[in-house]
Structure formats: structure tokens, C-alpha cells
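Undergrad:
In my numbering, the protein residues as written are 1382 to 1696.
#1: Measuring CB to CB, does residue 1453 end up less than 8 Å from residue 1497?
#2: Cα-Cα, which of 1511, 1444, 1503 is closest to residue 1651?
#3: Within the chosen definition, does the region 1618–1633 reach the region 1538–1556 through at least 3 CB pairs nearer than 8 Å?
#4: Closer than 8 Å is the cut-off here; do at least three beta carbon pairs connect the region 1446–1460 with the region 1487–1497?
#5: I need the DSSP call for residue 1612, collapsed to helix, strand or coil.
#6: Going by DSSP, what residue range makes up the alpha helix (DSSP H) through residue 1473?
#7: Is residue 1585 helix, strand or coil when you go by DSSP?
#8: So for residue 1519, helix, strand or coil by DSSP?
#9: Give the single residue among 1572, 1494, 1562 whose Cα lies nearest to the Cα of residue 1658.
#10: Please name the residue or residues paired with residue 1619 in a DSSP beta bridge.
#11: If you compare alpha carbons, which of 1630, 1660, 1388 is closest to residue 1606?
#12: Exposed or buried, what is residue 1483 when buried is set at 16 or more other beta-carbons lying within 10 Å of its beta-carbon?
#13: Considering only residues of the same chain and omitting the five flanking positions on each side of residue 1571, which have a CB-CB separation below 6 Å?
#14: To the nearest angstrom, how far is it from the Cα of residue 1410 to the Cα of residue 1422?
#15: Just the Cα atoms here: how many angstroms apart are residue 1695 and residue 1685?
#16: What residue from 1578, 1565, 1563, 1569 has the CA that sits closest to residue 1541's CA?
#17: Answer yes or no: do residue 1562 and residue 1579 have a C-beta to C-beta separation smaller than 8 Å?
#18: For residue 1601 versus residue 1649, is the C-beta spacing smaller than 8 Å?
#19: Within the continuous alpha helix (DSSP H) that includes residue 1497, where are the two ends?
#20: Would you give the residue range spanned by the alpha helix (DSSP H) that residue 1643 belongs to?
#21: Got a sec? Which residues, its chain only, sit under 8 Å from residue 1613 by beta carbon, not counting five neighbours each side?
#22: Quick check on the burial criterion: 16 or more other C-beta atoms within 10 angstroms. Buried or exposed for residue 1679?
#23: Does the separation of the CB atoms of residue 1525 and residue 1575 fall below 8 Å?
#24: CB of residue 1590 to nearest heavy atom of the ligand ATP: below 7 Å?
#25: Anyone know if the C-beta pair for residue 1654 and residue 1507 falls short of 8 Å?
#26: Between which two residues does the beta strand (DSSP E) holding residue 1422 run?
#27: Could you tell me which residues DSSP puts in a beta bridge with residue 1633?
#28: Can you grab the Cα-Cα spacing for the pair residue 1592 / residue 1573, in whole Å?
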């Protein structure tokens, strides 16, 4: 059978179409592909980046053939590691995820944290608004004489203690020397910690609680002059007299002395808030679905005791 010209032309056109399709679908090597190592590929860009990474003054003296050999070995290691399943091991996945989170925070959170700062006006405003924090309280150095009483003590015995305290107070007023109450504390006081130190209980801060009744502390701070002695103070635990040995008025720490500490502390607080806001934003823009029925199947190991109860012997 002799084919007509139209049929020959049709076959030729079909052949050209098939040839074109085969050529287009042919797995052609990219022009920038340098090497294939297992399932890994090395491109021109990879080599150029490695040259930049190595940097240094001797970059122009690099032996690119030696460099390629090193990159091929590295790629071979990676290829074999993946084929061995290392990239699927839980510890590796955890480490990789931690690196990923670290890089994410470095790129997006660190600039926010580094941008936290406070102007001099903001620091001064904080100082003014919180001046109590930067004020050293008034201090007083006190001495005491203490005599014990209790609720079951008879009125006669209570009066005897009162008379004895009045006697001690009068002697203290007449005393002209000695530390605190001096030997009077040794003779009369029942406070074992201070009696051998002239009743001296050290420096106390105003408006702060101590082991002594607050009425005792208040009476000490109410004394106006050094060496003044209070009236007899009655408390649930007994009687006291207080002597003012020394005092220091309250003092505001100058702004210039604390501004550096204020700035440092405020930056730490603000950075913590920035981190919290960053975490909240990540949670908010990431869809989360929790299947509680599956979660309830998770069991937490209970603490067990491996200690064995010793069995008594008959010996």
C-alpha cells in the first residue's frame, strides 16, 4: 500500500511530538551540579559557600580539588548516616528540634530582647515612684532589761516584779558609766542573750518585727535623746525598760548611686515580659488540636520505694 503525502506528514509530526516530549522529560543534569554522592548533591553554590565559610586571609590559596574531596567525604558521611536511620532516632530528632528552636529564637526573639532599654527619664520616673525601695529605714541601737511575768502569777508576785523593775530603772538613771545598762543588766535582766552585754540588742530597723514585743521596739524608737530610758513597758511575756544607745535617721539613696541597678533590673523584667509575649504570640498563631481521649491514656510513673523493711533477728 502506498501512503499518501498527508499520512506521511501526519506520522512525521507525531514522531516529532514524541521526540520532543521525551527530550523535555529527560532527567537532564543541571548545569550547576558538580557531584552526586549517594542521594546527596553538591552544587556550585555549595562549594562557593564553603569557601566563604572558611574565609581567612588564605582564601585565595585554597585548593578547590582538595576542598571538593572534603565535601564529598562529608556528603558520603551524611548519606550513610541517613541510610542507617540515625536521623529517625528520638535523641537525634530531639537534638535537631532544639537546634531549630534555637535558630528560630536567635532570628526572631533575640532582636526583640536586644532592643529592650530604658531612657534616663524612664529610670528616674521609676526611682521617684518607688522611692521607698531606695530609702534606708531609720535605725536605733537599743539596750533592754527584761523581767518575766505570766498570766497565772499572783498580783502580789506581779507587784514584786514591778517594784524590782522600778528599782532597776532608778539605778539605770543614776548610772553614769558602762555599756548600755552595764552591770545593772547582769543583776536584774532575765534576757540571757543580752544581759552580759549591758542589755545591748544591737541595731534595729524601724517598722520591722523582731523577737521582742513591738511595744518594746516602738518605745525605743520614741526616745528622743541618746541614753534616754523609757518608762516600764508591760507586755504579755513580762516587763521591759529600754535605753537608746545610738540612732541613725532614715536616708534616701541618691539617684546617681542606684540608677545603674534600676536600669539593669528593669531591663531584666522587661526582657522576661518580651519572652512571655513572644511565646504567647507563637501559641496564638499556631493551630493546636488536643485529643483528650488519647492524652488520658498517658500514665505517669509512680514513685516506688526499693527500701526493704529489715527483718528483726533473734540474736
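Where is the CB? At the ideal position from N, CA and C, for every residue including glycine.
Computed from a predicted structure; not experimentally measured.
TA: On the basis of the supplied data:
#1: no
#2: Ranking the options by Cα distance to residue 1651, first place goes to 1503.
#3: Yes: the two stretches touch, three or more of their Cβ pairs being nearer than 8 Å.
#4: no
#5: In the displayed model, residue 1612 falls within coil according to three-state DSSP, outside both helix and strand.
#6: 1471–1489
#7: Strand, per DSSP.
#8: coil
#9: 1494
#10: 1529, 1616
#11: 1630
#12: exposed
#13: 1527, 1528, 1529
#14: Straight-line measurement puts the Cα of residue 1422 at about 11 Å from the Cα of residue 1410.
#15: With a pLDDT of 47 at residue 1695, under the threshold of 50, the modelled position of that residue is not reliable, and the figure given next carries that caveat. About 30 Å.
#16: 1569
#17: yes
#18: no
#19: Residue 1497 -> no alpha helix (DSSP H), and no H or E assigned at all.
#20: 1636–1665
#21: Cβ neighbours of residue 1613 beyond the five flanking positions: 1543, 1546, 1547, 1550, 1620, 1621, 1622.
#22: Taking every protein chain shown into account, the CB of residue 1679 has fewer than 16 other CB atoms within 10 angstroms, so this residue is exposed.
#23: It is a contact, given that the beta carbons lie within the stated cut-off.
#24: No copy of the ligand ATP appears in this structure; indeed no ligand is present at all.
#25: no
#26: 1421–1424
#27: 1516
#28: 13 Å
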